[in-house]
Amino acid sequence: MTYARLPALLLALLAVAPAHADPIPPGERLSGAAFMSRETRTMQEDDFANPGMLWVREGEALWAEKAGAAARACADCHGAAEATMKGVAARYPAWESRDGRPVDLLGRINLCRVRHQEAAPLAWESRALLALGTHVAAASRGEAIAPDPDPRLAPHRAEGRALYETRIGQLDLACTQCHDAQWGRRLAGNPIPQAHPTGYPLYRLEWQAVGSRQRRLRNCMTGVRAEPFAYGDPAFIAIELYLMERAAGMTIETPAVRP
Amino acid sequence: MRRHGPPLSRRALLAGGTGLVAVALVPAVRASDETMDAAIRAFTQGGALRDGRVVLDVPPLVDNGNSVNLSVTVESPMTAADHVRSIAVFNQKNPQPQVAVFHLGPRAGRAEVTTRVRLADSQRLVAIAPMSDGSLWRASTDVLVTLAACLE
Amino acid sequence: MTRPLVHVPATARKGAVITIKTLIAHPMETGYRPDENGRLIPRDIIGELVCRYNGKEVFRAELAPAIAANPYVAFTTVATETGTLEFRWTDLTGKHWTHTAPITVVA
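From first to last, the protein sequence lines are chains A, B and C.
Here the first sequence is numbered in my numbering, starting from 121 and rising by one per residue.
Here the second sequence is numbered in my numbering, starting from 117 and rising by one per residue.
Here the third sequence is numbered in my numbering, starting from 59 and rising by one per residue.
What follows is the structure in structure tokens.
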């Protein structure tokens, strides 16, 4: 019932949305946390109240667990993620030389599984992959986002920006029309944030679980009545590259909590 | 402590739950003033309720009804002679009126509990605290749950 | 898979009231949600959390489906003596998960 009321609200937004929006000036950038209630911010800040920490701890156990034909644990090569993975989530997606393509953090974990543990890749959005990803990304909590400077990423980043600015779906809306032009205003009862991916994987109250950046992007695509890309689609990696560049210098919050 | 627990046992909760599952096949199952009052009467066994001493703290406007911070504090010295036995929370519009019962005693030191609840809609919440002297104290509050925009 | 996350202060003064925070990974499936075929997903919730301090029950919570997924419960207890706090979560089928936390009580 509540869902049926959405198109009207989105159409109202569409009526006022300019076709082009300027990027948000660096000084005006705000994490999604700035748009949340005090209670939800407190939930994120207290490690014993933040349910995302359940995934971090689960990931910590998986990190130390031997897997695959190689009977090797992540920890056997990488040691303690808290130390060795610091800054990694702040840099990804990164260039993957062997395949000649960019990969995001969860994709990298699966490449490691296949190549070094000789195990089957974990399913996208599976609990185990999210737990490992949350554990690795939490090692960068407090670090400034510093995108991989590899020049080979540039065309992918540009493609991501183009996708971010392209109108899609039955509602014919581009990401930029909400998140650059309308941030701070309300869509139904909720404030529109600036779409900075500072806390992924994150615990979303709506999901009642931790989910990935790609799950959130799929959510947005469904919201504008577009067919979402499949998990792992290069178009998603391109958008993630652009979003991370757009958020460069902002602080990693994983495991973030969002409404 | 268990012996002094209020009459809403886990067994009763389960029995109530089973009944409600059958009803759930009818669309839009929800508790109401009537079912909430009945659940409260079952808990208090008809004892007289007084307003006061209990503070039920819920944010007036919530980010998402899937997880709403709820804390209850009760004014009590929490001594062997004078303490809160339990704190029960009820709601008006979820599918069933019970939310939780927290069993305390003098060893709690303070009568203070916090949890997170689901609220299907804007509604009234009631907290009831039976004291060691048999008196029953109540607080209630209205919560506004806004329409979520980005559902999945 | 279900790993509880519990905060108990490592040390406390005798007689001090300490705050305990507990989280456990659990979907708290209400029993009211239909699956994609329109059939109700069976109820699967943690119905009870008990805390024992050196074997003696100091706190017990009965939880209904209205409690949010990954249940969070915080409460207080008086630091009486050095020992162990034991936490036990039990679902409707009787399956349970436990966690223990040591506490040192100083004069």
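Each residue gets a CB set at the ideal place from its N, CA and C atoms; glycine is no exception.
*Are the segment 138 to 146 of chain C and the segment 247 to 262 of chain B in contact at 8 Å, needing three or more beta carbon pairs?*
no
_Neighbourhood of T160 (chain B) by C-beta, 6 Å cutoff - its chain only, sequence neighbours within 5 removed_ = By the criterion of a C-beta distance shorter than 6 Å, T160 (chain B) is surrounded in its chain by L252, once the five residues flanking it on both sides are discounted.
*Thinking Q334 (chain A) and Y362 (chain A) are a contact (beta carbons under 8 Å), I'd like their distance in whole angstroms, please.*
About 14 Å separates the two Cβ atoms, so there is no contact after all.
*Under a CB-based cut-off of 8 Å, is S157 (chain A) close to chain B?*
yes
*Start and end of the beta strand (DSSP E) containing R166 (chain B)?*
L165 to D167
*asked:* Can you check whether the C-beta of R97 (chain C) is within less than 8 Å of a C-beta belonging to chain B?
replied: no
*Under 8 Å Cβ-Cβ, which residues of chain C neighbour R177 (chain A)?*
R61 and L63
*Close beta carbons around L183 (chain B), own chain, < 6 Å, minus the five adjacent residues each side*: Note that residue 183 (chain B) corresponds to Ser in the displayed sequence, not to Leu. Once the five neighbours on either side are set aside, the close Cβ partners of S183 (chain B) are R232.
*Within 10 angstroms of its Cβ, does C197 (chain A) collect 16 or more other Cβ (buried), or is it exposed?*
exposed
*Leaving out the 5 sequence neighbours to the left and right, which residues in its chain are closer than 6 Å to V242 (chain B) when beta-carbon positions are compared?*
F206 and S256
*Three or more beta-carbon pairs under 8 Å between the segment 59 to 69 of chain C and the segment 217 to 236 of chain B, yes or no?*
Below 8 Å, too few C-beta pairs join the segment 59 to 69 of chain C and the segment 217 to 236 of chain B to call them touching: fewer than three.
*asked:* Suppose you measure from the CA of M381 (chain A) to the CA of G181 (chain B); what does that come to, to the nearest Å?
replied: The requested residue 381 (chain A) does not occur in the structure, where chain A is confined to residues 121 to 379.
*Any idea what DSSP makes of D149 (chain B), helix, strand or coil?*
Three-state DSSP puts D149 (chain B) in a helix.
*asked:* Under 8 Å, CB to CB, which of the residues in the segment 122 to 144 of chain C have a partner in chain A?
replied: A126, A127, N128, Y130 and A132
*Same chain, Cβ closer than 7 Å to A184 (chain A), five either side skipped, listed in chain order*: A193 and A195
*Shorter than 8 Å from the beta carbon of A169 (chain A) to some beta carbon of chain C?*
yes
*Three-state secondary structure assigned by DSSP to L129 (chain B)*: In this prediction, L129 (chain B) scores a pLDDT of 41, lower than 50, which makes its location untrustworthy; the coordinate-derived value is nonetheless stated afterwards. Correct three-state label for L129 (chain B): helix.
*Sequence-distant residues of the same chain with beta carbon closer than 6 Å to I312 (chain A), five excluded per side*: C298, Q302, W303 and R305
*With 16 other Cβ atoms within 10 Å as the buried cut-off, status of A132 (chain C)*: buried
*From the beta carbon of N210 (chain B), is the nearest beta carbon of chain A less than 8 Å away?*
Not closer than 8 Å to any Cβ of chain A, the Cβ of N210 (chain B) fails to qualify, so no.
*From the beta carbon of L337 (chain A), is the nearest beta carbon of chain B less than 8 Å away?*
Not an interface residue.
*What does K185 (chain C) pair with, by DSSP beta-bridge criteria?*
In the structure displayed, chain C extends from 59 to 165; residue 185 (chain C) sits before or after that span and is not available.
*Roughly how many angstroms separate the alpha carbons of G253 (chain A) and L121 (chain C), rounded to a whole number?*
Taking the straight line from one Cα to the other gives about 31 Å.
_For A126 (chain C) and E106 (chain C), which I take to be in contact (beta-carbon distance under 8 Å), what is that distance rounded to the nearest angstrom?_
At roughly 16 Å, the Cβ-Cβ gap does not stay under 8 Å, so A126 (chain C) and E106 (chain C) are not in contact.
*Counting only runs that start and end within the segment 206 to 265 of chain B, where is the beta strand (DSSP E) found for 3 or more residues in a row?*
214 to 219, 227 to 233, 239 to 246 and 252 to 261
*Just the Cα atoms here: how many angstroms apart are P384 (chain A) and S332 (chain A)?*
Because chain A here runs from 121 to 379, residue 384 (chain A) falls outside it and cannot be looked at.
*For the segment 312 to 331 of chain A, which residues have a CB atom closer than 7 Å to at least one CB atom of chain B, in sequence order?*
L325, E326, W327 and Q328
*Can R101 (chain C) and P85 (chain C) be called in contact, C-beta distance under 8 Å?*
Taking 8 Å as the Cβ cut-off, R101 (chain C) and P85 (chain C) do not qualify as a contacting pair.
*Taking a cut of 9 Å between CB atoms, which residues from the segment 68 to 91 of chain C lie near chain B?*
G73, A74, V75, I76, T77, K79, M86, T88, G89 and Y90
*Cβ distance (whole Å) where Y323 (chain A) is taken to contact P171 (chain A) below 8 Å*: Under the criterion of beta carbons closer than 8 Å, Y323 (chain A) and P171 (chain A) qualify as touching, at roughly 5 Å.
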